[in-house]
Amino acid sequence: MKRIYLAVFPLLALAALGLWYFDNSNAPMGSFFTDRIGLIIAFARLAGLVGALGVMGQLLLVSRAKWLEPLYGLDRLTRFHHTAGLLIPLALLVHPPLVVWYHALQTGNSFLAQYLVVLKWDDILPAAAGELLILAAVVLSLPFTRRRLSYEAWHTAHLGAYLGLAFSLGHQFELGADLNAETPYFAWAWYALLAFTAANMLWYRLLRPLWTYRRHGFRVDRTAMESRDVMSVYVKGRGLGNFPVEPGQFALLRFWAPGLKLQAHPFSFSKAPDGAELRFSIKRSGDFTAKLHAELKPGTPVIIDGPHGVFTAARLRARKALLVAGGIGITPLRAMLESLAAARADAVLVFSNRTAGDIVFREELAGLEKGGTLRTVHVLTEDKDWTGEKGRVDAAMLNRLVPDLGERDAFLCGPPPMMAALDAGLRALGVPADRIHYERFSL
Ligand SMILES: Cc1cc2nc3c(=O)[nH]c(=O)nc-3n(C[C@H](O)[C@H](O)[C@H](O)COP(=O)(O)OP(=O)(O)OC[C@H]3O[C@@H](n4cnc5c(N)ncnc54)[C@H](O)[C@@H]3O)c2cc1C
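If you read the sequence shown in the working numbering, its first letter stands for residue 387, the second for the next number, and so on.
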């Protein structure tokens, strides 16, 4: 069933492209495909359509749609969105010069003179501004520029791209010759795509979280420090038994308090759901989380967009698991350990921190070990007084600590360099790629 949902957008897109072909082969003055000038306008239209289709596809990828996300996970969809986002604008870039070129050849005007004429056409200026906004978001997302921007600045540029799409709608409807063609089928397919995209964005990103809040009335119950940098936030609400969370998942939280409510940030559930409360454990790692640590008060309403993610024990293929956490990467694994303990699965957690003072959930983990099927190994990188395992966690250390590695599914969550090194190291030790699962703390 999920695969059928997934086919909807490509099928509608294919239908739209098929109708473009039909439309341009049967234009009132004959087929555009028979001469060079006709080809220019046919491909100009195609570039415009592909660009607009691509932007719609991009929006769907980040719509957090519940029918799409379980297939790939939000992080993979977001990464695909980032990669595709660097290609799609190429189509948007070539559309205007091709249109101008075609009309310049028809009228005998110079390219520049024709450009100025085209700018005066209905709905062209807003569309040009919209294209600039979309291109600005793309340029600011290039790795080189993205590294230099705060998350908020980058996010605002992305909101500008949505506005850019809205600006271009008038042009699509008014001048989009394929939409205005004699045959209405093309226009219907296009409107269906626009409506499908808009409905997904509106429901999943805006209305669903608000509806979930209305249903459960989430509020901060209390906070508790787990270490000098990590604070747990306990959230209560009505009917939490009907809020289905899989241990290992995360949600985007918007704390409805002055200075906090303008941003939604992703945090993993750090405890398996018990129907009474939810817990998130948040490390002070930047401006927003520092403010949260300093200012969050019990009673603050929380809008929860989620749960999201496919990093759950449902991915377990083998009967045994190896879990490797680096620092705050413990949160999803801490929740997952509860479901593994309940299933009496054989699991080893290797938990890396800098010092003993940085270890969170130490007693909880020891408590879970009492069930007899879980084992935790703490590894510290910078604590001279530590008598246990020391050094960086790498594949050689894992192989020594967990000799039956090849029989286990590996779940990794920690700093990106650690995960990349472990992924490569585990593969080299013969753990198949489909048995290595990871959660990245970046979207
Ligand atoms: C799936 C997932 C689960 C996570 N679980 C936890 C958790 O359980 N505990 C925890 O402490 N942290 C978790 N994080 C990381 C947490 O979201 C960031 O540390 C936090 O958003 C940083 O915000 P900041 O403004 O304080 O820091 P900044 O220094 O501004 O941001 C640091 C980095 O965090 C990311 N980030 C910042 N704001 C956002 C945002 N609004 N949305 C998405 N990413 C953002 C960006 O990559 C940014 O470069 C998780 C992240 C993801 C993606």
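Note that beta-carbon positions come from the ideal geometry of N, C-alpha and C, so glycine has one too. Everything numeric in this text was worked out from a predicted model, so none of it was measured.
Residue i by DSSP, collapsed to three states: which one?
| i | result |
| --- | --- |
| K506 | coil |
| D673 | helix |
| S365 | The structure shown does not extend to residue 365, since the chain is modelled only from 387 to 829, so the question has no answer here. |
| F827 | coil |
| M461 | As written in the sequence, residue 461 is Asp, which differs from the Met given in the question. Three-state DSSP puts D461 in a helix. |
| D809 | helix |
| R601 | helix |
| F629 | coil |
| R591 | helix |
| L702 | coil |
| L454 | coil |
| A859 | With the chain represented from 387 up to 829, any question about residue 859 goes unanswered, as that position is not in the structure. |
| E663 | coil |
| A610 | strand |
| V621 | strand |
| F497 | helix |
| P652 | strand |
| V525 | helix |
| V394 | helix |
Quick one: is residue i buried, meaning 16 or more other Cβ sit within 10 Å of its Cβ, or exposed?
| i | result |
| --- | --- |
| F419 | exposed |
| W576 | buried |
| F666 | buried |
| L528 | exposed |
| S654 | buried |
| L588 | exposed |
| M805 | buried |
| I668 | buried |
| N847 | Because residue 847 is not part of the residues shown, which for the chain are 387 to 829, the question remains open. |
| R720 | buried |
| E768 | exposed |
| E455 | buried |
| K506 | exposed |
| T583 | buried |
| A700 | exposed |
| D780 | exposed |
| W406 | buried |
| M611 | exposed |
| P570 | exposed |
| G713 | buried |
| E681 | exposed |
| P718 | buried |
Starting from residue i, follow the beta strand (DSSP E) in both directions and report where the run begins and ends.
| i | result |
| --- | --- |
| N739 | 732 to 739 |
| G712 | 706 to 712 |
| I745 | Looking at the DSSP string, I745 is not in any beta strand (DSSP E), and its letter there is neither H nor E. |
| Y824 | 822 to 824 |
| P693 | 688 to 694 |
| L646 | L646 -> no beta strand (DSSP E), and no H or E assigned at all. |
| A796 | 794 to 799 |
| R761 | 760 to 766 |
Should residue i be flagged as near chain D, meaning a C-beta pair shorter than 9 Å?
| i | result |
| --- | --- |
| Y548 | Although the question refers to chain D, the structure presented lacks it and comprises just one protein chain. |
What span of residues does the alpha helix (DSSP H) with residue i cover, start to end?
| i | result |
| --- | --- |
| A637 | Taken as a continuous stretch (DSSP letters only), A637 belongs to no alpha helix (DSSP H), being part of the beta strand (DSSP E) at 636 to 641. |
| A573 | 571 to 586 |
| R720 | 716 to 728 |
| F530 | 529 to 532 |
| A477 | 474 to 493 |
| L445 | 422 to 447 |
| L784 | 781 to 787 |
Is the beta carbon of residue i within less than 8 Å of some heavy atom of ligand 3?
| i | result |
| --- | --- |
| L405 | Judged by which ligands are present, ligand 3 is missing from the structure shown, whose ligands are ligand 1. |
Is it a yes or a no for the stretch 681 to 695 touching the stretch 636 to 649, going by three-plus beta-carbon pairs under 8 Å? Under the three-pair Cβ rule at 8 Å, the stretch 681 to 695 counts as touching the stretch 636 to 649.
The stretch 431 to 438 / the stretch 534 to 543 touching (three or more Cβ pairs under 8 Å): Result no; under three Cβ-Cβ pairs closer than 8 Å.
Inspect the CB distances between the stretch 692 to 700 and the stretch 632 to 642 and report whether three or more fall short of 8 Å. Touching, yes.
Does the stretch 465 to 478 come into contact with the stretch 502 to 513, if we say contact requires no fewer than three beta-carbon pairs (one atom in each stretch) closer than 8 Å? The answer is no - the stretch 502 to 513 does not touch the stretch 465 to 478, with fewer than three Cβ pairs under 8 Å.
Is the stretch 701 to 715 touching the stretch 620 to 631 in the sense that three or more CB pairs, one from each, lie closer than 8 Å? When C-beta atoms of the stretch 620 to 631 are compared with those of the stretch 701 to 715, fewer than three pairs fall below 8 Å, so the two segments do not count as touching.
Check whether the stretch 725 to 742 and the stretch 754 to 766 touch, using three or more Cβ-Cβ pairs below 8 Å as the test. Yes: the two stretches touch, three or more of their Cβ pairs being nearer than 8 Å.
Evaluate the contact criterion for the stretch 716 to 727 versus the stretch 810 to 817: three or more CB pairs, one atom per stretch, below 8 Å. The stretch 716 to 727, when compared against the stretch 810 to 817, does not touch it at the 8 Å Cβ threshold.
Cβ contact check for the stretch 491 to 502 and the stretch 437 to 452: 3 or more pairs under 8 Å: With fewer than three CB-CB distances shorter than 8 Å, the stretch 491 to 502 does not count as touching the stretch 437 to 452.
Given 8 Å, three or more beta-carbon pairs between the stretch 814 to 825 and the stretch 782 to 795: Judged by Cβ distances under 8 Å, the stretch 814 to 825 makes contact with the stretch 782 to 795, as three or more pairs qualify.
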